[in-house]
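For reference, the structure discussed in these notes is given below.
Numbering (our numbering), first residue to last: 45 to 740.
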């Protein structure tokens, strides 16, 4: 309603002063009217009495002296508000009538016939705004008549009121104006500290200076307001300081988060997200310019084994050294990024010639020629490189990365430590892998898989067990070897389903094997590193044993040493449970990995399997014979059984038997065959097999 407190105060004060002045004026006028009425009554009463006394002699004469009566009545001429005057005799008959100045102006120039002394009381009376004065002429005992004077009271009051107002109004206006001006000056003085507060607040708003403080002065309320404002400024300053510190921290965290989001925390190289965004930009640029773009994909050969055997700290140091080595041989503008694990990616700077591809690839290969010297160890690592071009991928990011990945895996297949430039023929191989991956689920449902069994024989040639090996006959692709589809299954995450199928089928066919051979024969089932990572593996096995009423002593599980050590604690817990159940555990491919011999004293196993790479060279390599004898001797000292695989000649078998090998398997005895092609075995199984029966 009001734009400011000051305006409101001025208006309110003015209204109060004016109201007070009006009230005082009204009271004054009222009092004046009352006093004026009393004065008029007294004056009229005195005038009437005096004139009545003066009329006595003229009223007593007979005949009456009319002239003298009128002379007396003419005394009323100076009184402007007299309406008329009447002289009556004792019988209330009108004797003389006088019209005053006020009467001559109106309609009262004639006597009112209704008005007579009999209708009025002696003295003063008021009626219809008129003041009447009736007085007896003569003594009370001997009256000779009556005098009646009528006065216009309203007119008199109005003139008196107007006269009073005209006299007092200038002073009232002067007083009102003075009061308002004085009030305004006092308000201005009172609001000066508040104006100072306002100016201070405006200054803070404009300058953003929260360290300034208001000078406290003025009335108690204003001083209290000033103190509160200063406290508020202190609070704002403190909060601003905290906010600035937090903002600084957030900015630092943002920089850190941006770096973490775009750069590898270990090597400091651009990470997958950053480099993929960069490739998108470069592909768009290359497409617009009709240029090509090279993408080089490489990973480390043998890194996983070193990481598993020497620990992740050593692996991290190797990755850091790899990043430093490769960066040192690249040109300015070339981009090196780590995608994850031991996978790296290089984008050469806008030179897509084949010569440049070869040059950069050979530089990377040569950077790995020197061993990595870490923690007193000299470690040799290789690298497999895949190279792809953007034009061949249609400038599609996913296709380009896929082509480089395919070329890299082709390098691994060629023997590692080489580079391979992508060619369209590789896509056909990739398509076959995709087709295999997409067919696995259907193959399980339609029983396209089957188990082949390869016998294990003792030194007497008696079949004491069989290794269950999966085979796949696809209706369109024909026979697909395990070496092909197992890798695809591991990469596509379907190896678990295959393992479950193998366990169930082996348990289902076990009774036919024991019926045909012996109740003590064992069937070996292979478990991969992917299988061991599943926490439900034991439950699957136990469920299959229950369903097919399997004696756990008829089952042996084979696992490679690298798979066992991939997650040692989990693997050890699993195999202890299986061992307690009655199953046997065999460590496959022993001697080919990076494990420490100290693990043999910690892991739960029953059998060491000598890898075929040692067995096949027994007749030609003294070194292989020494390794084989050492493994057999080590197993005997640890009270472990020994099984050699890949036996193909009688000489190999004889040598292994002489050295104390417990069982062997290989083409010398039988290749893997279906269940119905297993030859009968009439020989007795050695008595140390043991018998155990559990109620599942």
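C-beta: ideal position from N, C-alpha, C; glycine also. Just so it is clear, the structure is predicted and the values come from calculations on it, not from any experiment.
Where the alpha helix (DSSP H) containing residue i begins and where it ends
i, result
"residue 606", "605 to 610"
"residue 403", "398 to 410"
"residue 526", "526 to 536"
"residue 580", "Run containing residue 580: none; DSSP gives neither H nor E here."
"residue 475", "469 to 489"
"residue 290", "264 to 306"
"residue 370", "356 to 373"
"residue 699", "694 to 702"
Own chain, CB closer than 8 Å to residue i, minus 5 neighbours either side, in chain order
i, result
"residue 591", "548 and 551"
"residue 165", "178"
"residue 204", "76, 77 and 80"
"residue 695", "662 and 663"
"residue 372", "411"
Where residue i falls: helix, strand or coil (DSSP)
i, result
"residue 253", "coil"
"residue 345", "strand"
"residue 318", "helix"
"residue 562", "coil"
"residue 219", "helix"
"residue 432", "strand"
"residue 658", "helix"
"residue 504", "coil"
"residue 184", "coil"
Residues of its chain near residue i, where Cβ-Cβ distance is below 7 Å and the 5 sequence neighbours each way are ignored
i, result
"residue 661", "668"
"residue 581", "575 and 618"
"residue 384", "316"
"residue 710", "689, 690, 691 and 692"
"residue 130", "138, 141, 155 and 192"
Euclidean distance between Cα positions of residue i and residue j
i, j, result
"residue 78", "residue 123", "20 Å"
"residue 600", "residue 630", "7 Å"
"residue 169", "residue 126", "15 Å"
"residue 228", "residue 89", "52 Å"
"residue 386", "residue 355", "14 Å"
"residue 161", "residue 82", "23 Å"
"residue 410", "residue 430", "16 Å"
"residue 602", "residue 569", "6 Å"
"residue 691", "residue 713", "8 Å"
"residue 153", "residue 214", "Legend: pLDDT at residue 153 = 49, less than 50; position of this residue unreliable, value from coordinates given subsequently. Approximately 39 Å, taken between the alpha carbons."
"residue 193", "residue 106", "24 Å"
"residue 508", "residue 701", "15 Å"
"residue 337", "residue 446", "15 Å"
"residue 322", "residue 553", "55 Å"
"residue 370", "residue 340", "12 Å"
"residue 92", "residue 211", "30 Å"
"residue 433", "residue 397", "10 Å"
"residue 395", "residue 360", "32 Å"
"residue 174", "residue 218", "36 Å"
Range of the contiguous beta strand (DSSP E) that encloses residue i
i, result
"residue 653", "651 to 654"
"residue 110", "Segment 110 to 117 is the alpha helix (DSSP H) holding residue 110; no beta strand (DSSP E) there."
"residue 672", "From DSSP, residue 672 is part of no beta strand (DSSP E) but of the alpha helix (DSSP H) over 666 to 681."
"residue 747", "The question about residue 747 has no answer here: the residues shown for the chain are numbered 45 through 740."
"residue 687", "685 to 689"
"residue 448", "No beta strand (DSSP E) holds residue 448; the alpha helix (DSSP H) holding it covers 441 to 457."
"residue 707", "707 to 709"
"residue 139", "138 to 143"
Residue environment, residue i, which counts as buried when at least 16 other CB atoms sit within 10 Å
i, result
"residue 328", "exposed"
"residue 594", "buried"
"residue 697", "buried"
"residue 633", "buried"
"residue 510", "buried"
"residue 25", "Any answer about residue 25 is impossible in this case: the structure gives the chain only from 45 up to 740."
"residue 535", "exposed"
"residue 70", "exposed"
"residue 64", "exposed"
"residue 245", "exposed"
"residue 286", "exposed"
"residue 289", "exposed"
"residue 206", "exposed"
"residue 345", "buried"
6 Å CB neighbourhood of residue i in its chain, flanking five on each side removed
i, result
"residue 456", "428"
"residue 450", "470 and 474"
"residue 673", "703"
"residue 513", "496 and 716"
"residue 295", "none"
"residue 679", "652 and 686"
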